[in-house]
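Student:
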Amino acid sequence: MAPGKLVLATHNPGKVVELAELLGPHGLEVVSAGSLGLPEPDETETTFIGNARLKALAAATASGLPAISDDSGLCVDGLGGAPGIYSARWAGPGKDFAVAMARVNDELGDKSRTAHFICALCVAWPDGHSEVVEGRVDGTLVWPPRGGNGFGYDPMFLMDGQAQTYGEMTRAEKEADNHRARAFRQLVALLPARPA
Numbered sequence: 001m002a003p004g005k006l007v008l009a010t011h012n013p014g015k016v017v018e019l020a021e022l023l024g025p026h027g028l029e030v031v032s033a034g035s036l037g038l039p040e041p042d043e044t045e046t047t048f049i050g051n052a053r054l055k056a057l058a059a060a061t062a063s064g065l066p067a068i069s070d071d072s073g074l075c076v077d078g079l080g081g082a083p084g085i086y087s088a089r090w091a092g093p094g095k096d097f098a099v100a101m102a103r104v105n106d107e108l109g110d111k112s113r114t115a116h117f118i119c120a121l122c123v124a125w126p127d128g129h130s131e132v133v134e135g136r137v138d139g140t141l142v143w144p145p146r147g148g149n150g151f152g153y154d155p156m157f158l159m160d161g162q163a164q165t166y167g168e169m170t171r172a173e174k175e176a177d178n179h180r181a182r183a184f185r186q187l188v189a190l191l192p193a194r195p196a
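In UniProt numbering, the protein residues as written are 1 to 196.
1. By how many angstroms is the C-alpha of residue 13 removed from the C-alpha of residue 152?
2. I need the straight-line Cα distance from residue 36 to residue 111, nearest angstrom please.
3. Quick one: what does DSSP say residue 157 is sitting in, helix, strand or coil?
4. Span of the beta strand (DSSP E) holding residue 5?
5. What number of angstroms, rounded off, separates the C-alpha of residue 68 from the C-alpha of residue 26?
6. What do you get for residue 29, buried or exposed, if any count of 16 or more other CB atoms within 10 angstroms of its CB means buried?
7. Less than 8 Å separating the beta-carbons of residue 77 and residue 55?
8. Between which residues of its own chain and residue 141 is the CB-CB distance below 6 Å, once the five residues before and five after are set aside?
9. Report yes or no: do the region 121 to 138 and the region 80 to 99 share at least 3 C-beta pairs separated by less than 8 Å?
10. Between which residues of its own chain and residue 192 is the CB-CB distance below 6 Å, once the five residues before and five after are set aside?
11. Which class does residue 146 belong to by DSSP, given the choice of helix, strand or coil?
12. Write down the C-beta distance between residue 166 and residue 148 rounded to the nearest angstrom, noting that I regard them as a contact closer than 8 Å.
13. Would you mind giving the Cβ-Cβ distance between residue 178 and residue 137, rounded to the nearest angstrom? I have them listed as a contact below 8 Å.
14. Give every residue of the same chain whose Cβ lies closer than 6 Å to the Cβ of residue 22, excluding the five residues on either side of it in the sequence, and list them in chain order.
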C-alpha cells in the first residue's frame, strides 16, 4: 500500500476507529465512506470475503481512490455458524447489539457455546484490482455479557486463552490480536506498493 489517501468502505464508527489506528503507521490518510457521502452497497454475497470485496470495489469506483473494507461477524457453532454474515442484521435496524446478543443466547439454549469471529479485509483500486485476506479468532460465548468496551458482540465473546471478554478488554488489549488485527497483518504482508 503506497502512502496516500485511502477510503475505509464502512459507515460503522467502531470499525473506522479500529482500522484507522491499524493503517495510520503505514502513512495512509484514512477517510471513511460515510464522511465522503458514499452509499452503503447492499451486501448480496454469501461469504465474508464476497461482501468485503463488493464493498471495497464499490468505494474505490465511487471515490476514485484505493479503498479497504471489512466484513466480519460472529459464527456460533451451536447455531450452525449463524449469525455469520448476518451478524449486524441480527441487531435490527437500530443496530441494537443488546438485542442481538440476547437472541444468540436465547437460540443457543444448551447447545455448544463455542464460536469464532471472522474478519475478511479487502483492498481494492479504482482499476478493479483487489486483494482479500481473512483472520479468525476462536472462543466461547458467555452470558450475561461482561464489560462495556468494544462494539457488537464483544461483551459476550471470550477469546480462547483469555480471562476477559472483548467487552472487558481495553481497545489496545483487544486490537493486539483480534480477528481484524490478524487479517490486517496478512494484508500488509501480501500487498506490494501499488499506485492509485
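A virtual CB, placed ideally from N, CA and C, is assigned to each residue, including glycine.
Since the structure is predicted, the reported quantities are computational estimates derived from the model, not experimental observations.
Tutor: Checking against the coordinates, here is how it stands:
1. Taking the sequence shown and counting its residues from 1, one reaches residue 152 at position 152. Taking the sequence shown and counting its residues from 1, one reaches residue 13 at position 13. If you take the alpha carbons of residue 152 and residue 13, they lie about 11 Å apart.
2. Residue mapping note: residue 36 aligns to position 36 of the sequence shown, counting from 1. Residue mapping note: residue 111 aligns to position 111 of the sequence shown, counting from 1. If I take the Cα positions, the gap works out to 44 Å.
3. Position 157 of the sequence shown, counted from the first residue, corresponds to residue 157. Reduced to three states, the DSSP call for residue 157 is strand.
4. Residue numbering aside, residue 5 sits at position 5 when the sequence shown is read from its first letter. Run containing residue 5: 4 to 8, per the beta strand (DSSP E) assignment.
5. As a first step, residue 68 must be located in the sequence shown, where it is residue number 68. As a first step, residue 26 must be located in the sequence shown, where it is residue number 26. Roughly 14 Å between the two C-alpha positions.
6. Your numbering for residue 29 matches position 29 in the sequence shown. Label assigned to residue 29: exposed.
7. Along the sequence shown, one-based indexing puts residue 77 at 77. Along the sequence shown, one-based indexing puts residue 55 at 55. No, these two residues do not count as a Cβ contact at 8 Å.
8. The sequence position of residue 141 within the sequence shown is 141, counting from 1. 113, 115, 156.
9. no
10. Taking the sequence shown and counting its residues from 1, one reaches residue 192 at position 192. In this prediction, residue 192 scores a pLDDT of 49, lower than 50, which makes its location untrustworthy; the coordinate-derived value is nonetheless stated afterwards. Correct list: empty, nothing qualifies.
11. Here residue 146 is taken as the residue at index 146 of the sequence shown, counted from 1. Residue state, collapsed to three classes: coil.
12. The residue you call residue 166 lines up with position 166 of the sequence shown. The residue you call residue 148 lines up with position 148 of the sequence shown. Not confirmed; about 11 Å, so no contact.
13. Taking the first residue of the sequence shown as 1, we reach residue 178 at position 178. Taking the first residue of the sequence shown as 1, we reach residue 137 at position 137. Confirmed, Cβ separation roughly 6 Å.
14. The residue labelled residue 22 in the question sits at position 22 within the sequence shown. Here the set comprises 184.
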